[in-house]
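In UniProt numbering, the protein residues as written are 1 to 146.
Every residue, glycine too, gets a C-beta built ideally from N, C-alpha and C.
The structure displayed is predicted, hence computed values, not measured ones.
Single-structure report; data block below.
This is the structure we're talking about:
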């Protein structure tokens, strides 16, 4: 190697002829394994933010207390529920309302009264905004009732 450097210096100064054959690069071939997969491709997780699930509202008009667990099951499945207790006697309506309101509290949901005996029960993934009673008082349901 030192000899090659001396030969290059002599050639540069014009004292010797430079032999190009000595400086040729030797190409070596390297074999690559074609079965190697990139690490990044294994860990990619693609999540579609545009889901096509639709929110469903379930309406109940229970006739007996035994229907209360099915109301709560819908709340546990994150579905809002409207219950109509208008046609029940006072004691049964109170019993059903106490049961479902306890479940709403346990599930961190919310309750909104629509009218006498009609309530909206919402799980924690649904927000109920506004006071429905005030909205009904301020705006007539039909334009001719103003």
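query: If I'm right that residue 82 touches residue 62 with Cβ under 8 Å, what's the distance once you round it to whole angstroms?; result: In fact, because the Cβ distance is near 12 Å, the residues do not count as touching under 8 Å.
query: Cβ of residue 112 within 7 Å of any heavy atom in the ligand PLP?; result: This structure lacks the ligand PLP, and indeed carries no ligand of any kind.
query: Classify residue 102 as buried or exposed, calling it buried when 16 or more other Cβ atoms lie within 10 Å of its own Cβ.; result: exposed
query: Classify residue 144 as buried or exposed, calling it buried when 16 or more other Cβ atoms lie within 10 Å of its own Cβ.; result: Model confidence at residue 144 stands at a pLDDT of 48, short of 50, so the residue's coordinates are unreliable; what they give is reported in the following sentence. That one is exposed.
query: Which one or two residues does DSSP pair with residue 148 in a beta bridge?; result: An answer regarding residue 148 cannot be provided, because it is not within the stretch 1 to 146 covered by the chain.
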